[in-house]
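Reviewing the structure listed below.
2 protein chains.
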Amino acid sequence: MNGEKNCKTLSAPVFPLIDVKGTVTDFMVWSELSREALGALRDDAAAQLDALRAENLHLDLTRGKPGLAQLDLSSGMLGVITSAEDCISESSLDCRNYGVLDGIPEAKRLFSDLLGIPEERIFIGGNSSLNLMFDTVVRCMLFGVAGGHEPWGRQGRIKFICPSPGYDRHFAICRALGIEMIPVEMTKEGPDMKAVRAHVCTDPSVKGIWCVPKFSNPEGVTYSDRVVEELASLKPAAPDFRIFWDNAYAVHELYDEHVHLADIFAAAEDNGNIDNVFYFASTSKITFPGSGVAIMAASETNLRHIKPILATQTIGFDKINQMRHVKYFGSADGIRAHMRRHADILRPKFETVLSVFERELGGCGIAEWTHPRGGYFISLNTMDDCARRVYKMAKSLGVALTEAGATFPYGCDPRDRNLRIAPSYPELSELETATHVVCQCIRLVSAEALMERA
Amino acid sequence: MNGEKNCKTLSAPVFPLIDVKGTVTDFMVWSELSREALGALRDDAAAQLDALRAENLHLDLTRGKPGLAQLDLSSGMLGVITSAEDCISESSLDCRNYGVLDGIPEAKRLFSDLLGIPEERIFIGGNSSLNLMFDTVVRCMLFGVAGGHEPWGRQGRIKFICPSPGYDRHFAICRALGIEMIPVEMTKEGPDMKAVRAHVCTDPSVKGIWCVPKFSNPEGVTYSDRVVEELASLKPAAPDFRIFWDNAYAVHELYDEHVHLADIFAAAEDNGNIDNVFYFASTSKITFPGSGVAIMAASETNLRHIKPILATQTIGFDKINQMRHVKYFGSADGIRAHMRRHADILRPKFETVLSVFERELGGCGIAEWTHPRGGYFISLNTMDDCARRVYKMAKSLGVALTEAGATFPYGCDPRDRNLRIAPSYPELSELETATHVVCQCIRLVSAEALMERA
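In order, the protein sequences belong to chains W and G. Under my numbering, the first residue of the first sequence is numbered 1, with each subsequent residue one higher. Under my numbering, the first residue of the second sequence is numbered 455, with each subsequent residue one higher.
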């Protein structure tokens with residue numbers, strides 16, 4: 001059995017998670033149980049799952065998809081633009097017509113205030129920051145980056161650093177474009193910078209790194225000031241290296257607090273590296289996924305390179321929707337207040353999952369999970385070599401999880417242990433049931449794994 | 455003087471225009487006038503332009519940009535979606551949330567009915583068909599077309615056929631991506647198919663052709679059934695050749711009539727060539743430029759190839775805006791009725807330009823122009839080697855025209871004679887003044903050119 005060797009590592013503190021649960025408390029750690037005791041635990045879990053199977057569940061914990069109550073928070077935005085007058089920008093531009101490639105000024109200001117980025121670095125795109133990121137990598141492949149470098153696509157094999165576990169859609173972009181992915185472990189402060197430097201500073205074929213710097217997907221890690229500074233001060237071997245700074249959860253705190261993230265542009269500027277940063281954000285999880293507004297921010301040099309290409313791609317993005325956002329929120333503070341209402345809806349969902357985890361898995365030494373302060377995910381690690389079995393078993397019981405392995409480049413979790421839990425979409429009662437199913441699957445698979453090993 | 459030789463060709467019928475004006479009527483053709491008479495005409499035009507210069511004009515005939523009254527036609531669309539209920543698709547999908555890559559079913563049906571394309575061939579994109587076209591060429595460059603062919607970007611020098619005069623933004627895409635452009639003359643039925651075949655059927659580096667098949671930009675030509683059939687039955691030397699069918703003006707008649715365009719998909723299917731067609735359209739000039747809905751249509755084989763790449767690029771497009779269009783129009787007939795209101799606004803603008811042309815240039819043999827039945831442009835040819843001078847002179851008088859040459863690949867009009875007039879944006883009185891300026895510039899430049907030649 002494959003898992004045997006790796007399962008032994010389980011009682012040691014496990015690397016990528018911040019809040020290690022599953023350490024010995026008043027419960028017996030399963031790895032110390034007899035074969036008979038494990039058999040009883042396995043039978044108990046199997047019985048519970050049999051009962052759950054009869055319920056014909058169809059529950060979904062796969063995606064960071066806002067729930068209905070969250071969508072309703074923004075319904076008022078639908079009605080803020082109803083007339084021609086509502087479409088006139090402060091620059092006198094009629095948002096209904098052609099004109100302005102990079103966004104209306106009041107929308108730039110709104111994002112500037114919200115994210116602390118100078119307006120002149122921002123351009124406002126369509127409805128999807130993923131689309132802006134894909135297009136940015138594609139531009140680099142076909143046109144290179146600013147400064148007259150050869151297009152990435154003509155430089156032979158190129159590579160991206162992929163802090164892992166990470167966002168599967170970032171990895172999918174690399175995979176589609178044939179960019180080799182180098183996994184680098186996540187620490188509780190962000191990517192392992194020693195490993196990052198070892199690649200970026202020595203290998204000119206390393207062209208980029210994916211970062212979700214605040215409430216990272218899936219672990220909820222916010223990069224420490226030290227990590228931001230070290231990223232900003234990198235001396236890449238490649239002159240055309242770029243940091244893809246996907247600040248997807250910039251204002252997505254779950255609790256009434258402000259979680260600090262250092263200013264990457266300021267740090268990069270201090271280090272003479274401002275051109276290294278491509279910054280992305282969106283309102284997909286502020287207003288409506290699919291009908292939000294996405295932005296990219298970059299240095300003057302980068303924007304001067306990008307805009308003529310962008311102007312070949314499109315005449316402009318949806319300015320009426322930009323105005324809709326501006327009018328609905330009024331200010332960055334308006335968005336912050338709105339995000340507290342999101343948090344009020346999301347927090348109980350996260351806490352429900354966590355309390356079921358604690359109740360059914362706590363103290364057993366068979367799983368550990370994060371306690372995020374923001375973002376959209378809880379990251380759970382099973383014992384090594386168990387995640388795929390848990391994923392499949394939950395699926396057979398009608399509970400869809402993000403596929404095991406998806407949080408790693410090439411879908412390959414080297415220890416087969418990470419599961420990404422997305423609590424946002426289901427209602428509380430469904431969430432409780434779904435989490436219960438996941439926990440019982442973990443108990444069953446873990447008991448079997450330990451019995452095989454014994 | 456460069457123009458001398460070419461100007462001699464002027465009295466012969468000129469090739470690319472449909473409705474040749476400027477043939478001898480009851481006026482004296484200028485080429486037969488004495489040097490003294492030409493001098494008097496020149497002085498008269500110069501005096502008129504001096505008077506116009508004093509008016510400090512700022513008029514713009516550059517772009518196919520709808521006027522204010524046209525935008526107001528669609529203002530009602532802004533208010534059709536105001537609540538969560540309005541966002542529920544007939545498929546029960548909540549348009550506010552993630553989900554559905556290729557468009558909501560009712561929007562597909564609307565475009566299917568409007569354009570006569572089976573729903574299953576349609577996917578609905580963002581706000582810009584130009585963006586869909588750019589992305590499509592980029593996909594071909596990086597991923598190739600369906601069927602496992604080498605990406606265009608790895609095949610060395612590749613080429614596109616560019617019927618000319620044509621749409622400058624099509625040419626800009628080729629130029630940005632380093633695709634060589636082969637100009638092919640437009641006839642009154644569409645591209646010169648003999649020339650098209652000579653390239654497409656013999657040269658495997660020819661990968662595409664740009665077509666605006668109905669009310670072409672700038673000449674307003676609608677491809678004849680014969681031309682559509684010949685395009686559909688092409689046997690390209692390249693197995694990965696594609697027709698970029700930009701049906702931008704599919705329902706943009708200026709008069710109360712239906713101008714027939716043959717069904718490219720049906721014709722291609724009959725010829726076993728359905729995979730050769732990439733079809734594009736949008737509502738940019740139906741509802742709001744920049745806040746409309748764009749579509750692409752393609753064969754099942756092509757869509758099967760495209761969709762996974764698209765799914766890497768984005769989670770989905772703005773479905774609320776799709777729903778806004780569906781609810782506002784109700785049906786394809788709703789759009790057709792709406793387009794008659796656009797025509798009522800546009801027709802007097804076109805007729806104003808044409809009547810000034812007729813009054814000030816008619817019968818002189820110094821210019822010819824189109825009498826379009828739809829679309830957004832009037833195409834005007836000066837005598838050879840005069841367009842750039844007219845463009846500059848009009849500019850110096852405060853009347854902006856699309857830059858001379860822009861309607862040809864590389865901005866190079868071999869006879870320097872084509873000017874694209876966009877009558878849609880200015881108010882009628884401004885349009886009359888702007889056209890008057892253009893006409894007097896043409897008269898002045900033509901008189902001088904003929905005097906140089908004499």
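Think of the CB as a built atom: it goes at the ideal place given N, C-alpha and C, for glycine as much as any other residue. These numbers come from a predicted model, not from an experiment.
Pairing residue 150(W) with residue 242(W), the inter-Cα distance amounts to about 14 Å. Inter-residue distance for residue 52(W) and residue 421(W) is about 19 Å (C-alpha atoms, whole angstroms).
The Cβ of residue 584(G) sits closer than 8 Å to at least one Cβ of chain W.
What residue 176(W) touches in chain G, judged by beta-carbon distance under 7 Å, is 763 and 766, going in chain order. 86, 87, 94, 95, 96, 97, 98, 99 and 100: these are the residues of the segment 85-104 of chain W whose beta carbon lies less than 9 Å from some beta carbon of chain G, given in chain order.
Using a 10 angstroms sphere on the CB of residue 97(W), the tally of other CB atoms reaches 16 or more, which defines it as buried. DSSP places residue 613(G) in the uninterrupted beta strand (DSSP E) bounded by 613-618. Contact between residue 292(W) and residue 283(W) holds: their C-beta atoms lie close to 4 Å from each other, under 8 Å. Taking a C-beta distance under 8 Å as the contact criterion, residue 100(W) and residue 316(W) qualify as a contact pair. For residue 730(G), the closest alpha carbon among the candidates 768(G), 690(G) and 627(G) is that of 690(G). Taking residue 699(G) as the centre and dropping the five residues before and after it, the same chain places the C-beta of 665, 667, 718, 731, 732, 733 and 734 closer than 7 Å to its C-beta, in chain order. Exclusion of the five residues before and after residue 171(W) leaves 162, 181 and 409 as the residues of its chain whose Cβ lies within less than 7 Å of its Cβ. Sixteen is the threshold: since fewer than 16 other Cβ atoms of the shown chains lie within 10 Å of the Cβ of residue 545(G), the residue is exposed. Against chain W, the beta carbon of residue 661(G) has no neighbour under 8 Å; the closest one sits roughly 15 Å away.
For residue 134(W), the enclosing alpha helix (DSSP H) covers residues 129-143. DSSP places residue 842(G) within a helical segment (H, G or I) once states are collapsed to three. For residue 318(W) against residue 744(G), the beta-carbon gap comes to about 6 Å, under 8 Å, which counts as contact. Restricting attention to beta strand (DSSP E) runs no shorter than 3 residues, the segment 33-102 of chain W encloses them at 59-61, ordered along the chain. Here the alpha carbon of residue 430(W) sits roughly 37 Å from the alpha carbon of residue 135(W).
At a Cβ-Cβ threshold of 8 Å, residue 708(G) and residue 797(G) count as neighbours. Straight-line spacing of the CA atoms in residue 309(W) and residue 88(W) works out to 27 Å. With respect to the 8 Å criterion, residue 38(W) and residue 393(W) are not classified as neighbours on the basis of their beta carbons. From the listed residues 125(W), 177(W) and 169(W), the smallest Cα separation to residue 595(G) is found for 177(W). 63 and 65: these are the residues of the segment 53-65 of chain W whose beta carbon lies less than 8 Å from some beta carbon of chain G, given in chain order. DSSP links residue 644(G) through a beta bridge to 641(G).
Residues are counted here when their Cβ sits less than 7 Å from a Cβ of chain W; for the segment 585-603 of chain G these are 585, 588, 592, 595 and 596, given in chain order.
Burial state of residue 194(W) is exposed, judged by a 10 Å Cβ sphere holding fewer than 16 other Cβ atoms.
Annotation: residue 205(W) to residue 526(G) spans about 53 Å, alpha carbon to alpha carbon.
Annotation for residue 111(W): 122 and 295 place their beta carbon closer than 6 Å to its own, counting only its chain and skipping 5 residues before and after. Here residue 482(G) is exposed: its Cβ has fewer than 16 other Cβ atoms, across all protein chains shown, within 10 Å.
In this structure, the straight-line span from the alpha carbon of residue 32(W) to that of residue 447(W) is close to 11 Å.
Residues 527, 528, 740 and 783 of the same chain have their beta carbon placed closer than 8 Å to that of residue 792(G), with the five preceding and five following residues left out of the count. Taking 8 Å as the cut-off, the beta carbon of residue 228(W) is found no closer than this to the beta carbon of residue 198(W). Between residue 893(G) and the set 851(G), 842(G), 810(G) and 838(G), the nearest pair of CA atoms involves 810(G).
Out of 158(W), 435(W) and 43(W), the CA that lies nearest to the CA of residue 238(W) is found in 158(W). Around residue 525(G), the beta-carbon contacts reaching into chain W at under 9 Å are 84, 87, 94, 96 and 97.
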